[in-house]
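These notes concern the structure reproduced below.
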Amino acid sequence: MASRTRRHGTARRAAREGSRRRLPLRLLLPLLVLVALVAMLMLRGYVHSEILADHRVQPPAATDRVPEKILEGGPVIDARGGRTDSLRVPDHHLVLTFDDGPDPTWTPRVLDVLKKYDAHGVFFVTGTMASRYPDLVKRMVDEGHEVGLHTFNHPDLSFQSKKRIDWELSQNQLAITGAAGVRTSLFRPPYSSFARAMDNKSWPVTEYIGSRGYITVVNNTDSEDWRRPGVDEIIRRATPKHGKGAIVLMHDSGGDRSQTVAALDTLLPDLQKRGYEFDNLTEALDAPSAMAPVSGAELWKGKAWVFLVQASGKITDGLVVGLAVIGTLVIGRFVLMLLLSGLHARRVRRRNFRWGPPVTEPVTVLVPAYNEAKCIENTVLSLMASDHPVEIIVIDDGSTDGTARIVEAMGLPNVRVIRQLNAGKPAALNRGLANASHDIVVMMDGDTVFEPSTVRELVQPFGDPKVGAVAGNAKVGNKDSLIGAWQHIEYVMGFNLDRRMYDVLGCMPTIPGAVGAFRRSALEPFGGMSDDTLAEDTDVTMALHRAGWRVVYAENARAWTEAPETVQQLWSQRYRWSYGTMQAIWKHRRAVIEKGPSGRFGRIGLPFVSLFMIVAPLLAPLIDVFLLYGIVFGPTQKTIIAWLGVLAIQAVCAAFAFRLDRERMTHLISLPLQQILYRQLMYVVLLQSWITALTGGRLRWQKLRRTGVVGAPGGSVPQQRSQSHDDRRPVA
Numbered sequence: 010m011a012s013r014t015r016r017h018g019t020a021r022r023a024a025r026e027g028s029r030r031r032l033p034l035r036l037l038l039p040l041l042v043l044v045a046l047v048a049m050l051m052l053r054g055y056v057h058s059e060i061l062a063d064h065r066v067q068p069p070a071a072t073d074r075v076p077e078k079i080l081e082g083g084p085v086i087d088a089r090g091g092r093t094d095s096l097r098v099p100d101h102h103l104v105l106t107f108d109d110g111p112d113p114t115w116t117p118r119v120l121d122v123l124k125k126y127d128a129h130g131v132f133f134v135t136g137t138m139a140s141r142y143p144d145l146v147k148r149m150v151d152e153g154h155e156v157g158l159h160t161f162n163h164p165d166l167s168f169q170s171k172k173r174i175d176w177e178l179s180q181n182q183l184a185i186t187g188a189a190g191v192r193t194s195l196f197r198p199p200y201s202s203f204a205r206a207m208d209n210k211s212w213p214v215t216e217y218i219g220s221r222g223y224i225t226v227v228n229n230t231d232s233e234d235w236r237r238p239g240v241d242e243i244i245r246r247a248t249p250k251h252g253k254g255a256i257v258l259m260h261d262s263g264g265d266r267s268q269t270v271a272a273l274d275t276l277l278p279d280l281q282k283r284g285y286e287f288d289n290l291t292e293a294l295d296a297p298s299a300m301a302p303v304s305g306a307e308l309w310k311g312k313a314w315v316f317l318v319q320a321s322g323k324i325t326d327g328l329v330v331g332l333a334v335i336g337t338l339v340i341g342r343f344v345l346m347l348l349l350s351g352l353h354a355r356r357v358r359r360r361n362f363r364w365g366p367p368v369t370e371p372v373t374v375l376v377p378a379y380n381e382a383k384c385i386e387n388t389v390l391s392l393m394a395s396d397h398p399v400e401i402i403v404i405d406d407g408s409t410d411g412t413a414r415i416v417e418a419m420g421l422p423n424v425r426v427i428r429q430l431n432a433g434k435p436a437a438l439n440r441g442l443a444n445a446s447h448d449i450v451v452m453m454d455g456d457t458v459f460e461p462s463t464v465r466e467l468v469q470p471f472g473d474p475k476v477g478a479v480a481g482n483a484k485v486g487n488k489d490s491l492i493g494a495w496q497h498i499e500y501v502m503g504f505n506l507d508r509r510m511y512d513v514l515g516c517m518p519t520i521p522g523a524v525g526a527f528r529r530s531a532l533e534p535f536g537g538m539s540d541d542t543l544a545e546d547t548d549v550t551m552a553l554h555r556a557g558w559r560v561v562y563a564e565n566a567r568a569w570t571e572a573p574e575t576v577q578q579l580w581s582q583r584y585r586w587s588y589g590t591m592q593a594i595w596k597h598r599r600a601v602i603e604k605g606p607s608g609r610f611g612r613i614g615l616p617f618v619s620l621f622m623i624v625a626p627l628l629a630p631l632i633d634v635f636l637l638y639g640i641v642f643g644p645t646q647k648t649i650i651a652w653l654g655v656l657a658i659q660a661v662c663a664a665f666a667f668r669l670d671r672e673r674m675t676h677l678i679s680l681p682l683q684q685i686l687y688r689q690l691m692y693v694v695l696l697q698s699w700i701t702a703l704t705g706g707r708l709r710w711q712k713l714r715r716t717g718v719v720g721a722p723g724g725s726v727p728q729q730r731s732q733s734h735d736d737r738r739p740v741a
């Protein structure tokens, strides 16, 4: 019995360890998307000869190991089965060959001219171009032309290993099969010339190519059209002498081929009048066709390859365009933020600026609390130090750690504790609203502390009767760790600079839960705080806009909140924020088509929030993916300069935001690292939020682990209270 119990215990432990080792779905799905994106980008780079391309060209070498009959023979070399045969094209037969295509611009024009004069030719296509433009390869075959291999990436094969040669041939063949459903036995080496140019470097490659079942085709007449010497010169060089047969080298890709097309339009009718026939190679040699149809698995493999190349090209091109559009909009937003936030600061900092008559009447402060035992004392003490008269209501939402008892034991005047069963933050706030004694209600989180002037500064905008809600200046109190410093930058730059801009535009999307104030009379028509979304603060703010109330930002109403101290906690918080914001946008979507204040917010505020809080961060990892790709495979210097330029713009915005908030610039040292790593976390959060929304999933409220590290303020800035090693876990 004991041994069986031990075995069961061991099995359970193994199962638990296995479940712990399994990658969470929230990480697995974003990781798979990123891997798919990287794979598509790498495939596109490979097909565009940016990856694994080798542009070296072998200089001429000795020819003593090349058989004499090859050097003095014809342009068709058959080394199959150990043979060393060479063939010539019969007199009055001209085989036009076109290298390096197909090209989407010039190949169709070449084909049109050939069709016009009922002429055939051989197109030696590269795998890269055939994969990208399969329809042109199919047209070649359908119109009776032959196609041949010209390798996949156009390397000089004399530099390559046999394994690389096999790869170049098989990939080139795969592209042709996927495009036209055929395979070919014709091959032309890149950078090849006449047979007499064969040397000790290229001949072994030709022998090996023959052993793989291919016939090597060079040329004995070179139009040199790649030099673009003029139409007349191309015709002169492409015309054989004395009625001899020839294999003519031309190009339908690799640059401007207008002279080639024009030369063909003259060359073909002229030589046809002189008795020349323009045949395929096998027609000219009176041999069986070099092409054979492919079926079965090989055909579907080729089609799959072409499909993947096409998909990767379209998707990555679309992403590049999308990234360019988003980048332009983001830069435009940065400029708009700088201008409007500066305008906001100048307006509210004028000596004669007033919101209206000073607000001096008492206000109610609501503190919803769930298991805030480590923080609640600091929170309440900070409110008691307020220089504005306050009524404090702590709503204990079913805490199990004695939060309510701690507040009650403090025995402070004007502090009430309301207990309720756990029902969530919106229900706790509504319970507090029902018990509030005053029309102006301040709401804060149970882990936040106020400065003595915070409440007074927060309620002054209510001197304007049009103001229905006020957003305060939320700050990170525990910014002594790296992850805290990153959030500090985000709060100062991403939140508060945004709020200044939104204030000027009149479309503030969110009153922060850590520090916000409302007119109770403005909330009553729609029942206070709604639990329809997980972002009740965003939901209610949007509702106020639609009802015609002004929502403004009070920069001096500072609140110090305890930010998450681990990646897991930060992920949980932002996941809830992101998902809740999506819910709020969807709930208020009809504002886009409505009139009046609701329509104004719907056509300005909702697009701003959707684009810059949901869509743009989702595409942010593309910046890093394209950055790495550009550094490794692309124009490294231009890529780095572009990235540094974007970082410089962000640094300017961040420095401006820190200056407006009178923050020390030292924390901006971590800005580059934040921009690289923080984006990945936000990407994971947003993608998981999208997945949850699209699959109809439900996200529950998640309680973050608190340490009480932000202490009650003794001056303008609160001091951080020391904690035990167990309370403050490392960033991980």
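All residue numbers in the sequence shown are consecutive under the working numbering, ending with 741. The beta carbon of each residue, even a glycine, is placed where N, CA and C say it ideally should be. This structure is a prediction, so every number in the text was calculated from the model and none was measured.
- Counting along the chain, the unbroken beta strand (DSSP E) around residue 484 starts and ends at 476-485.
- When the five nearest sequence neighbours on each side are left out, the beta carbons in the same chain lying within less than 7 Å of the beta carbon of residue 365 are those of 472, 473, in order along the chain.
- DSSP links residue 567 through a beta bridge to 482.
- Residue 375: not part of any alpha helix (DSSP H); member of the beta strand (DSSP E) spanning 372-378, first to last residue.
- Burial check for residue 684: the Cβ neighbour count within 10 Å reaches 16 or more, so the residue is buried.
- Only buried fits residue 466, as 16 or more other CB atoms lie within 10 angstroms of its CB.
- DSSP places residue 665 in the helix class (H, G or I) of the three-state scheme.
- Just measuring C-alpha positions, the residue of 569, 164, 669, 431 sitting nearest residue 64 is 164.
- DSSP places residue 350 in the uninterrupted alpha helix (DSSP H) bounded by 305-357.
- Between the C-alpha atoms of residue 479 and residue 407 there is a straight-line separation of about 29 Å.
- Counting other Cβ atoms within 10 Å of its Cβ, residue 585 reaches 16 or more and is therefore classed as buried.
- Note: residue 402 is bridge-paired with 375, 425 in the DSSP secondary-structure output.
- In the structure shown, residue 465 adopts helical secondary structure according to DSSP, grouped into three states.
- When Cβ pairs closer than 8 Å are counted between the two stretches, the segment 348-359 is seen not to touch the segment 528-547, the count staying below three.
- Residue 40 and residue 488 have their C-alpha atoms spaced approximately 29 Å apart.
- Contact annotation: residue 665 and residue 347 have beta-carbon atoms nearer than 8 Å.
- The segment 583-599 makes no contact with the segment 627-636, as fewer than three CB pairs between them are under 8 Å.
- When DSSP reads this structure, residue 452 sits in a beta bridge with 375, 525.
- Between residue 498 and residue 676, the CB-CB gap stays under 8 Å.
- In the structure shown, residue 80 adopts helical secondary structure according to DSSP, grouped into three states.
- Rounded to whole angstroms, the gap between the alpha carbons of residue 179 and residue 297 is 22 Å.
- At the C-beta level, residue 188 and residue 147 come within 8 Å of one another.
- Judged by DSSP in its simplified three-state form, residue 255 adopts strand.
- Of all alpha-carbon atoms in 564, 556, 523, the one lying nearest the alpha-carbon of residue 546 is that of 523.
- Inter-segment contact for the segment 110-129 and the segment 232-244 is absent: fewer than three beta-carbon pairs are separated by less than 8 Å.
- Residue 302 sits exposed, since fewer than 16 C-beta atoms from the chains shown fall within 10 Å of its C-beta.
- In the three-state DSSP reduction, residue 636 falls in the helix class (H, G or I).
- As summarised for the segment 76-133, the continuous alpha helix (DSSP H) elements at least 4 residues long and confined to that stretch are 77-80, 115-125, given in chain order.
- Between the alpha carbons of residue 87 and residue 62 lies a gap of roughly 28 Å.
- Put simply, the backbone Cα of residue 700 is about 31 Å away from that of residue 515.
- Note on geometry: alpha-carbon atoms of residue 57 and residue 137 lie some 6 Å from one another.
- DSSP places residue 227 outside both helix and strand once states are collapsed to three, so it counts as coil.
- For residue 302, the beta-bridge partners assigned by DSSP are 191.
- The straight-line gap separating the alpha-carbon atoms of residue 459 and residue 42 is approximately 42 Å.
- With respect to the C-alpha of residue 468, the residue from 615, 527, 231, 50 having the closest C-alpha is 527.
- The beta carbon of residue 620 sits closer than 7 Å to the beta carbons of 338 from its chain, once the five residues preceding and following it are set aside; these are given in chain order.
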